[in-house]
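Novice: Mapping of the sequence shown onto full-length UniProt numbering: position 87 corresponds to residue 87, and the numbering continues sequentially without gaps. Backbone N, C-alpha and C define an ideal beta-carbon position, used for all residues, glycine too. The model shown is predicted, which means the values in this text are computed figures rather than measured ones.
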Amino acid sequence: MTTQERPTQDMSTQEITSEQMTVEQSAFINHYLATLPKDKSFDIDSVAIDYFCADEYNANLCADLVLQGKKTATCSLSYWYEEKREPMPEVGNLMLVTRWDGTPSCIIQITHVEQQRYCDVTAEFAAAEGEGDQTLEWWRDAHWTFFSKECQQENIEMSSQVMLVLERFEVVFGKGC
């Protein structure tokens with residue numbers, strides 16, 4: 001099994017190879033695979049390993065929000081996939097969500113992927129991200145700040161027309177599953 005990187009607005013962008021995977025992460029993934037029917041577990045050739053956000057407080061908060069069922073969506077700049085050639089998220093992809101320190105939290109599976117301009121993100125999607133007060137206004141402020149920093153680092157211009165990749169997901173393994 002391999003792992004892959006999937007940069008997301010709320011996620012780190014560090015690639016983790018199977019050699020870098022911790023014993024705890026490997027055991028968590030293997031425990032999940034053991035719960036699947038044998039024919040289904042053979043269909044899984046990779047599980048991404050990542051945390052949400054770019055700082056410890058928010059990474060841990062988002063991991064908790066996912067486990068609580070409050071965070072069921074995330075997004076990223078489409079720039080990463082179009083210009084940097086990162087693999088585009090696909091329905092069915094799995095990710096081990098970790099806390100900032102790498103401790104496994106849960107495994108999620110992508111259920112929907114679409115592209116949309118920043119200015120067209122809906123209040124419903126903002127609420128599905130589960131962060132802040134879950135309003136579109138809060139989402140826009142927080143994401144404008146985050147994406148502006150990413151754009152500045154990449155020497156591209158942030159605008160309300162910038163394209164995003166919106167992902168929806170469900171927890172398939174973890175507390176309460």
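Looking at the unbroken alpha helix (DSSP H) that takes in Gln25, where does it start and where does it end?
Specialist: That run of the alpha helix (DSSP H) goes Val23 to Thr35.
Novice: Count Cβ pairs between the segment 31 to 43 and the segment 74 to 82 that sit closer than 8 Å; are there 3 or more?
Specialist: With the rule of 3 Cβ pairs closer than 8 Å, the segment 31 to 43 does not count as touching the segment 74 to 82.
Novice: Would you mind sorting Ser12 into buried or exposed? The rule is 16 or more other CB atoms within 10 Å of its CB.
Specialist: Since pLDDT at Ser12 reaches only 38, below the 50 mark, its modelled position is unreliable, and the value read off the structure follows with that caveat. Ser12 comes out buried.
Novice: State the Cα-Cα distance for the pair Trp100 and Leu61, rounded to the nearest angstrom.
Specialist: The alpha-carbon atoms of Trp100 and Leu61 are separated by roughly 10 Å.
Novice: Would you kindly work out how many angstroms separate the C-alpha atoms of Val171 and Gln20, rounded to a whole number?
Specialist: Cα atoms of Val171 and Gln20: separation of roughly 24 Å, rounded to the nearest angstrom.
Novice: Could you tell me how far apart the beta carbons of Arg168 and Thr122 are, in whole angstroms, since I believe they sit closer than 8 Å?
Specialist: The pair is not a contact, with the Cβ atoms about 12 Å apart (cut-off 8 Å).
Novice: Enumerate, from N- to C-terminal direction, the unbroken beta strand (DSSP E) stretches of 3 or more residues contained entirely within the UniProt domain "ASCH" (50 to 173).
Specialist: 73 to 77, 94 to 98 and 104 to 117
Novice: Is it the case that the segment 80 to 89 contacts the segment 125 to 141, given that we only count it when at least three CB pairs across the two stretches are under 8 Å?
Specialist: no
Novice: Can you round the beta-carbon distance between Met95 and Asp50 to whole angstroms, since I take them to be within the 8 Å contact cut?
Specialist: 6 Å
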